[in-house]
Each structure stands twice: as structure tokens, then as C-alpha cells.
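*Asks:* In my numbering, the protein residues as written are 8 to 82.
Yeah, the Cβ is synthetic: ideal placement off N, Cα and C, and Gly gets one too.
These numbers were taken from a predicted model, which means no experiment stands behind them.
After the C-alpha cells below, expect a handful of questions from me.
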């Protein structure tokens with residue numbers, strides 16, 4: 008994700024791209040799951056995930072994480 012963010016933001020400046028891409032923290036399945044649990048526990052019931060890849064399998068990977076956080080089984 009950091010590479011994607013850097014390449015996307017580099018048009019503004021390499022320094023800006025380095026700074027902002029370095030601040031990306033939801034870069035792993037565990038980090039996403041932890042964030043979703045924190046938001047859920049705070050009463051937030053909607054969260055928009057913006058993909059940083061064109062790999063369509065990422066959607067099912069994210070869905071698996073959401074189901075796990077919600078305590079649901081895959082159908």
C-alpha cells in the first residue's frame with residue numbers, strides 16, 4: 008500500500024509522497040481487523056475500504072476480514 012500511495016502521490020512531489028505514504032498504517036490484514044474492531048467498539052457501523060491494488064481478489068480478502076470481525080462464517 009505504501010508503494011501504491013507513493014506512486015500515486017509522487018506527482019505532487021517526492022517529499023510529499025514519502026511523507027504521506029509513510030503514514031499509511033492499515034497495510035496488513037491484522038491492522039485492518041484491529042481497526043475495524045476499534046471502530047465497531049466505538050459504535051461505528053460503516054467503514055469504507057479503498058483498495059490500493061487492481062487485484063480483484065483483494066475484495067474477497069477484505070470480506071473475509073470483515074466477516075471474521077463480525078463473527079460471521081463465510082457462505
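1) Suppose you measure from the CA of residue 33 to the CA of residue 43; what does that come to, to the nearest Å?
2) Using the C-alpha atoms, what's the distance from residue 28 back to residue 10?
3) Taking the alpha-carbon positions, what's the residue 79 to residue 8 distance?
4) Please determine, among 20, 52, 39, 46, the residue with the shortest C-alpha to C-alpha distance to residue 65.
*Replies:* According to the structure shown:
1) Their backbone Cα atoms lie some 10 Å apart in a straight line.
2) Cα to Cα, the separation comes out at about 7 Å.
3) Rounded to whole angstroms, residue 79 to residue 8 spans 27 Å at the Cα level.
4) Residue 39 is the option with its Cα nearest to residue 65.
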